[in-house]
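Undergrad:
Residue numbers (the numbering used here): 20 to 436.
#1: Look at the alpha carbon of residue 406 and the alpha carbon of residue 138, and state the distance between them as a whole number of angstroms.
#2: Is the beta carbon of residue 153 less than 8 Å from the beta carbon of residue 136?
#3: Can you tell me whether residue 370 is helix, strand or coil according to DSSP?
#4: Using CA coordinates, which residue listed in 188, 270, 31 is at the minimum distance from residue 147?
#5: Is the Cβ-Cβ distance between residue 308 and residue 292 less than 8 Å?
#6: Below 6 Å CB to CB, which residues in the same chain sit around residue 361 once its five sequence neighbours on both sides are set aside?
#7: Quick one: grab the DSSP three-state call for residue 38.
#8: Between residue 65 and the rest of its own chain, which residues show a CB-CB distance below 8 Å, the 5 nearest in sequence each way excluded?
#9: Measure the C-alpha to C-alpha separation of residue 326 and residue 423 and round it to an integer number of angstroms.
#10: Give every residue of the same chain whose Cβ lies closer than 7 Å to the Cβ of residue 255, excluding the five residues on either side of it in the sequence, and list them in chain order.
#11: Leaving out the 5 sequence neighbours to the left and right, which residues in its chain are closer than 7 Å to residue 402 when beta-carbon positions are compared?
#12: To test your reading of the DSSP string, which unbroken alpha helix (DSSP H) runs of 4 or more residues are found completely within the segment 301-383?
#13: Let me know the secondary structure DSSP gives residue 285 once reduced to three states.
#14: Within 10 angstroms of the Cβ of residue 365, are there 16 or more other Cβ atoms? Answer buried if so, exposed if not.
#15: Taking Cβ to Cβ, would you say residue 195 is nearer than 8 Å to residue 215?
#16: Which runs of the alpha helix (DSSP H), 4 residues or longer, sit entirely within the segment 97-126?
#17: Closest to residue 284 by C-alpha separation, out of 262, 297, 252, would be which residue?
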């Protein structure tokens, strides 16, 4: 098919053919070959004046494919190009913003996730799945951060038939996780488990949630905590199947390793997973694995090791503002006789690099590279007004007046380019 299209010499036909081939390869789990076809299709689409629609589809595939391969820089580049194209052509900007929100969530930029999710619901070109992603992500982030009422309100914005069609069902994972989190926080772990059970039987490519392996890993944890060994075993098998189907996906392999370690309560398996997560770009996964490792060590009688893993888990959660997760980790280990110990209240620094929020620190690093506000906005998927606000806060907290002084301080502090 691709060869026939290329023989014709029509770049639009070539782009469509590469897209069709990539779609087939993705469904076969041949992700590396798929993203190569996607890249070739994007090259063809860029050369054709009327290939904007297929180019957007290919860029979405590029973002999804490289997300599965844990390559956030390629994902960011694809989404930046997609946003510029959608704005230029008046295309599906809402869908692009929803994907940007997912990108920020997966790779730990939760403030930016909330901003992009809000833009997704306001932008034109909103496909039916866009509000499912946007409201689900908002509920999930707020739930992680302990804002249960606001999280529930975000879920209430979903229509009753939000998961009826195949496209919306594929993007429902965030909302399901948010529902499970709210139930668990409310002391209803069985309801939390039931919120995720639909994922167990939904394994068709058209309807399975995009982050199914990570939902299955949470399902294993909840099933074991509620004594549902059968569901836990089934979820482990399903996640192993996902990993076998996508052998090139580090994230899927990591989720499967978490499932195995959880089910066996094996500290060695979970320690290996923690080490892998430390090399990857997903900070939430690292926190969850450290929490699991702490529990498994406590069960094995290694209380000192459990205490260290717990402290590291809470540190990872605090970096995301995930106070709900930190509280859960403390509670799980407290039941096993493990506490982090008295540390005294730490005061938030008011000046210096320690005073910068994670979002401000990312902006400051780009400032130190000499980037302009528009360049920073494009790199971080932020509005120029938001960047200007961050820059003002950075100047104040570092007690300097110019961007050059920020760069000089960054070099001295080891944050420079």
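The beta carbon of each residue, even a glycine, is placed where N, CA and C say it ideally should be.
TA: With the given structure in hand:
#1: 16 Å
#2: yes
#3: coil
#4: 188
#5: yes
#6: Reliability fails at residue 361, whose pLDDT of 45 lies under 50, so the model's placement of it is uncertain and the value that follows must be treated cautiously. For residue 361, where only same-chain residues beyond five positions count, there are no Cβ hits under 6 Å.
#7: helix
#8: 74
#9: 43 Å
#10: 239, 278, 279, 282
#11: 396
#12: 302-318, 322-339, 342-353
#13: coil
#14: Below a pLDDT of 50, predicted positions are generally treated as unreliable, and residue 365, at 46, falls in that range; the measurement from the model is reported next regardless. Exposed: under 16 other Cβ atoms inside 10 Å.
#15: yes
#16: 112-125
#17: 252
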